[in-house]
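Everything below concerns the one structure shown next.
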Ligand SMILES: [Zn+2]
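Numbering (this note's numbering), first residue to last: 11 to 367.
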């Protein structure tokens, strides 16, 4: 099977809808990724068949992921959308595919560029971090030309795709080990903040989360550095996809296209009586509530709960059944994120809080 032509933002034809390849050098190869993916799978697909699937995107030294592009009849903004920066977050991927299907270049003003699965190697394994170098792709931006694979991939995505955006949205979710409130978030940093806030409210997610700062390494920290108005999303997740979350993201993209005066897709518009829950706080999962002990975690509350300082969030049991740690809320707030997978290692995130705006 021949691969589509290589992505180049300037080469997208006027009034055209095209799938392109985005290739990155990977001289170290995939290693035993087919074996690891087999072990992480249900075991019904043989390892050589998994390797054959991978070979569609990897040919010895080059890894290529699809980029979906639509350029309208008339000039206008460039909306860049990414998903799969973490390999176990799927809602954004489907929202991108649905949006691409719905877009008609004859009725589009500007350019739509979407990378549905940024970290393909993590996607194959169904995990958060990049298995090639064990790095978190949301901690390596702006990347570097001579770093490890994640750093080179980040730099290529930033230089070849993200920096061309007049507006950028990165579709995340909670990942396979967590639940999270379905939300649209933005940074209150810089001149972009006013547009980002307006766009976040136009997106139409149940929760809008405003952050006073954005920590380094994210896609958004790189685009904010370039002054590009930017948003991100999170969803219930836990390695699964709720239909209402895919609907929310798809409608949100339609709402963004309308907000940017690019086109009006069917389904655009806010849910009836829309009133988002406005929350604030850092949103930095590196400083979330962590456990000191490993073992099995069992939650006592659900996401969305309002908690007070000292409230019990859950317990950790050692493998012989002793309660070795009680996890309590360090402050008052709204429970944004909660561990979904009981098996937990010392130092992992258990929960995260937001403040009510
Ligand atoms: Zn993510």
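Here a beta-carbon is modelled for each residue, glycine too, at the ideal position from N, C-alpha and C.
Model, not experiment: these values are computed from the prediction.
Proximal residues to residue i (C-beta, below 7 Å), its chain only, five neighbours per side dropped
i, result
"residue 178", "90, 172, 233, 238 and 240"
"residue 227", "148, 149, 150 and 151"
"residue 84", "119"
beta-carbon residue i near ligand 1 non-hydrogen atom, thresh 7 Å
i, result
"residue 99", "yes"
"residue 5", "Nothing in the structure corresponds to residue 5, since the chain is present only between 11 and 367."
"residue 182", "yes"
"residue 70", "no"
"residue 105", "no"
"residue 362", "no"
"residue 96", "yes"
"residue 185", "yes"
"residue 148", "yes"
N-terminal and C-terminal residue of the alpha helix (DSSP H) that residue i is part of
i, result
"residue 215", "Element bounds for residue 215: n/a, residue is neither H nor E."
"residue 105", "101-112"
"residue 235", "229-235"
"residue 262", "253-269"
Close-in-space but distant-in-sequence residues of the same chain around residue i (CB under 8 Å, 5 per side omitted)
i, result
"residue 325", "307, 308, 310, 333, 335, 336 and 337"
"residue 379", "Any answer about residue 379 is impossible in this case: the structure gives the chain only from 11 up to 367."
Residues bridged to residue i [DSSP beta-bridge criterion]
i, result
"residue 73", "34 and 68"
"residue 188", "349"
"residue 196", "220"
"residue 81", "26 and 121"
"residue 309", "324"
Heavy atom of ligand 3 within 7 Å of residue i beta-carbon
i, result
"residue 250", "Although ligand 3 was asked about, the structure shown includes only ligand 1 as ligands."
Residue i, enclosing beta strand (DSSP E) - first and last residue
i, result
"residue 348", "343-349"
"residue 125", "119-125"
"residue 87", "84-93"
"residue 365", "359-366"
"residue 240", "240-244"
Neighbourhood of residue i by C-beta distance below 6 Å, restricted to the same chain and skipping five residues each side
i, result
"residue 193", "215, 217, 219 and 244"
"residue 290", "220, 365 and 367"
"residue 212", "265 and 269"
"residue 320", "338"
"residue 131", "140, 141 and 142"
Helix, strand or coil at residue i according to DSSP, with G and I counted as helix
i, result
"residue 325", "strand"
"residue 205", "helix"
"residue 330", "coil"
"residue 60", "helix"
"residue 338", "strand"
"residue 317", "strand"
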